[in-house]
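Contents: one structure, followed by commentary.
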Amino acid sequence: MLNDTFDFRTVLPALDVDEILTIADINGQAPELCILLHQRYGCGIDLVCLDRKGQPRTPDETELKEWLDRLTLGGVDRDAIRVAGSTSGNRQYDVILALNSFGVRHKIQNFKPLLDSTLHPLSRVVIEIRKGSGSYPFLKAYGGCNTLLAPEADRNGLAVLSAEPQDMLPPSGEWSAVARQLAGKEGFFDELEEHSFLYMPRGGTLVVTFDNLDIAMTKRDDRRPWGFSFIEAQGWSMLGVMANGWTWFRHQEVARKFEELRDSGFFAQFSRVVFYGASMGGYAAAAFAAAAPGSTVFAISPQSTLDKAVVPWEMRYKKVWDRDFSGPFGDAALASQAAGDVHIMFDPYVAPDAAHAARFTGANVTFWRCPLLGHRLGSSLQQMGVLQEVARGAISGELTPHRFHRLLRKRHGFPRFQRELASLALDRGHPGLAKQVCAYILRQRDDRFFRRMKERL
5 MLNDTFDFRT
15 VLPALDVDEI
25 LTIADINGQA
35 PELCILLHQR
45 YGCGIDLVCL
55 DRKGQPRTPD
65 ETELKEWLDR
75 LTLGGVDRDA
85 IRVAGSTSGN
95 RQYDVILALN
105 SFGVRHKIQN
115 FKPLLDSTLH
125 PLSRVVIEIR
135 KGSGSYPFLK
145 AYGGCNTLLA
155 PEADRNGLAV
165 LSAEPQDMLP
175 PSGEWSAVAR
185 QLAGKEGFFD
195 ELEEHSFLYM
205 PRGGTLVVTF
215 DNLDIAMTKR
225 DDRRPWGFSF
235 IEAQGWSMLG
245 VMANGWTWFR
255 HQEVARKFEE
265 LRDSGFFAQF
275 SRVVFYGASM
285 GGYAAAAFAA
295 AAPGSTVFAI
305 SPQSTLDKAV
315 VPWEMRYKKV
325 WDRDFSGPFG
335 DAALASQAAG
345 DVHIMFDPYV
355 APDAAHAARF
365 TGANVTFWRC
375 PLLGHRLGSS
385 LQQMGVLQEV
395 ARGAISGELT
405 PHRFHRLLRK
415 RHGFPRFQRE
425 LASLALDRGH
435 PGLAKQVCAY
445 ILRQRDDRFF
455 RRMKERL
């Protein structure tokens, strides 16, 4: 079983979602989490009962009554609770709670039918894991796992699966055709085993970006690398490095290519070289800046390394734990010390991101803190309409603290920030303050999230 002292409130920020409408509690083993999620999101809760083979079953009266009583005592609206029948597989869930079930009491492989039918690309699965159950290899096919509590011989662990497709890549020929057209006669496109390099010459400033091919080709209408339109509009040259999956660019072919570009004088021809990326791309931006000493780094929510010997507390991204993070480009916190200026942007309330940021100790580092905007704060800043101005300032060397905080003030009217602010007050035991936030927002606009939270408080 899980450690009795485990604080389920730590699960909520690990979900990293803006809204939750539907959750499934498998066999009614997670009433505490159901209550916490309902308090924060006002979501609907389904009781989904499965036998050990993963087939739907009808709950007996005693377990159903105990589950309903615990939710009701916890303040869950009765009309938000539903007992799913045998057709529950037709409904997709934002969050699935699987405690003391598959991966612990039952074979994890028997969880497959439900996951196949109820997950959508942004679903989360909170799952209890027994050591040696084979859960991690099984879950790897559905996305990446963030381990909140590592399983041990005498204690189960807990992980959050983010069901974001990681292996469904478009045909490489499709990207090749797009990339060669973008490169034109003056640029170049080098397609390697797991990665590719696309160079588009324009002006004396070169911006090197890092992206995932799957995101560029299937999730963006323009099918362009990270930052393409913004960089093009500034008249800057661009070197787009694409990964064919979640590789963290840890392949010898990437290091060799950057060494080749460095040794050939490619970077030296530009008056300014900037390495720019977010999360996995933020790691790469800081790491490979060592190929162009004196360059500028602009990294959003970067990891410093995923070497378990160096960052044993980093339990996300289990998918790439078997990659080699050694070598001159391995530890971004060390490699980036060769850069001129290093801009690290992160949310201090996302504990792993703050811990990675703390490893960047060079005198060339400037930290830009974005509280309560989450790990994907680049997306939040873009929705707020300030990302391009922040990036332009960092790249040109003109971003000052005063200018940054003036732009960041726009978060006060940003729904995600407002929800996180109210939820933080609730998590820290200040329901009165959370209610004040709700009342303040509702005076400005009608908002279902804050209306429901205020009613519950």
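Here the working numbering is used: the first residue of the sequence shown is 5, the next is one more, and so on.
Each residue gets a CB set at the ideal place from its N, CA and C atoms; glycine is no exception.
query, result
"Inter-residue Cα distance where the pair is Ala-259 and Ala-339", "12 Å"
"Buried or exposed (CB count within 10 angstroms, at least 16 for buried), Tyr-203", "buried"
"Straight-line Cα distance separating Leu-77 from Gln-448", "32 Å"
"Cβ neighbours of Phe-12 in the same chain (closer than 7 Å, five flanking residues each side left out)", "Glu-36, Leu-37, Leu-40"
"Cβ-based burial, Ile-24 [other Cβ within 10 Å; buried from 16]", "buried"
"N- and C-terminal bounds of the alpha helix (DSSP H) containing Thr-14", "Unbroken run through Thr-14: none, as it is neither H nor E."
"Rounded straight-line distance, which links the Cα of Leu-210 to that of Ala-187", "14 Å"
"Proximity below 9 Å, CB of Asn-216 to CB of Met-242", "no"
"Beta-bridge pairing of Gly-281 - partner residues as DSSP gives them", "Ala-303"
"Contained alpha helix (DSSP H) runs [length at least 4] in the stretch 371-450, N- to C-terminal order", "381-388, 391-400, 405-412, 419-431, 435-448"
"3 or more residues per run - each beta strand (DSSP E) lying fully within the stretch 147-200", "148-153, 161-166, 192-195"
"Through-space distance from Val-301 to Phe-279, alpha-carbon basis", "5 Å"
"Pairwise C-alpha distance: Val-87 and Asp-110", "In the sequence as displayed, the identity of residue 110 is His instead of Asp. Rounded to the nearest angstrom, the two C-alpha atoms are 22 Å apart."
"Strand pairing of Val-130, partner residues [DSSP]", "Leu-101, Val-164"
"Span of the alpha helix (DSSP H), counted from its first residue to its last, around Leu-54", "That residue, Leu-54, is in no alpha helix (DSSP H); it is neither H nor E in DSSP."
"Selection from Phe-333, Gly-334, Thr-62, Phe-364 that minimises the alpha carbon distance to Arg-346", "Looking at the sequence shown, residue 346 is not Arg but Val. Val-346 has its Cα closest to that of Phe-364, out of Phe-333, Gly-334, Thr-62, Phe-364."
"Touch test, the stretch 228-236 against the stretch 294-311, Cβ-Cβ under 8 Å, three pairs minimum", "no"
"The stretch 368-378 contacting the stretch 310-328, beta-carbon criterion three pairs below 8 Å", "no"
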